[in-house]
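Numbering (the numbering used here), first residue to last: 587 to 924.
Note that beta-carbon positions come from the ideal geometry of N, C-alpha and C, so glycine has one too.
Keep in mind that this is a model prediction, so the values were computed, not measured.
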């Protein structure tokens, strides 16, 4: 079992050279100084861009959304500016990127399922069987469902989807409750700036906000199969990010989405996931359309608000509850209409 970090250490292992001449020593010292200067400025971005797979880079869009939800849930909403921060964070997630990011993340959850990984290992045990496996995966993508362990991968994805949607919905309900309880709170009933100006402010924030960097997951390779090891990284990346109780029910209309998730998971597992593959498979038109409508309703609702407690209602109803359904519909979770 070889980790990415272990691989890099083996490649860049330091050896003890013979003592160089004084002239050569001077040149080496100058080169080392320059290398350190450049490395200090560029080491982190280059490392992330080099090691992160296209699937992980797409999944970060959903993980970033999770991160914002965590910040919102842990914040004290005690001023107009605090409410404005919540609005801008939720409005800053592009529907297309968020929907594709969810599919990409779901694929990582599937790839992390032990039974699925073991089935992939058996399918690529020899060069011949690996070639047959990849050829069939390319020609008959749905055949991946026949793989032993595919059912466990689907269960893991459905549980993640249902729990996440339930957590988002619970947060949404808490904001709707606040909308009613804050009607007599001084700062919450003060008149705000014109509604559309706040919508435009949120759009400016979306275009300029600092985005989360792509982390290098603690992935490892076992018997030729890569696993992302999500449970060994930041909470926002873990499949158990939400601890809400949920009973997922697979929506029959989600079959094409789950097929794409499994194909992406299989390709990630064998190191065959590329940008074109992610662009082609990491998408959900149903979720994208739903999120676009949720964003439109969110903007229109905010534009009509005059107070912070009214903003709280818009945040709960459209910024969170609608979104919970747009992401959780595959598992029968969330409140938005399909």
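query, result
"Spatial distance of residue 823 from residue 689 (CA atoms)", "14 Å"
"Endpoints, beta strand (DSSP E) assigned at residue 811", "811–813"
"Beta-carbon proximity list for residue 677, same chain, < 6 Å, skipping 5 on both sides", "788"
"Host alpha helix (DSSP H) of residue 855 (start-end)", "841–855"
"Cβ contact (3+ pairs, closer than 8 Å) linking the stretch 664–675 and the stretch 863–879", "no"
"Extent of the continuous beta strand (DSSP E) to which residue 729 belongs", "Counting along the chain, residue 729 falls outside any beta strand (DSSP E), and DSSP gives it neither H nor E."
"Inter-residue spacing [alpha-carbon to alpha-carbon] between residue 800 and residue 770", "43 Å"
"Where residue 665 sits in the DSSP three-state scheme", "coil"
"Buried versus exposed call for residue 617 [16 or more other C-beta atoms within 10 Å across all chains shown]", "At residue 617, the pLDDT of 37 sits below 50, so the modelled position is not reliable; the number obtained from the coordinates is stated separately. Exposed, by the Cβ-count rule."
"Check whether residue 764 and residue 888 have beta carbons under 8 Å apart", "no"
"Euclidean distance between Cα positions of residue 854 and residue 884", "35 Å"
"Cα-Cα separation between residue 693 and residue 644, rounded to whole angstroms", "11 Å"
"Status (buried if at least 16 other CB within 10 Å, exposed otherwise) for residue 744", "buried"
"Residue range of the unbroken beta strand (DSSP E) whose run includes residue 807", "806–808"
"Per-residue DSSP class, three states only, for residue 859", "coil"
"Cutoff 7 Å; reference residue 679; Cβ partners in own chain excluding five residues on either side", "651"
"Within 8 Å, strictly: CB atoms of residue 762 and residue 903", "yes"
"Cα-Cα separation between residue 881 and residue 712, rounded to whole angstroms", "49 Å"
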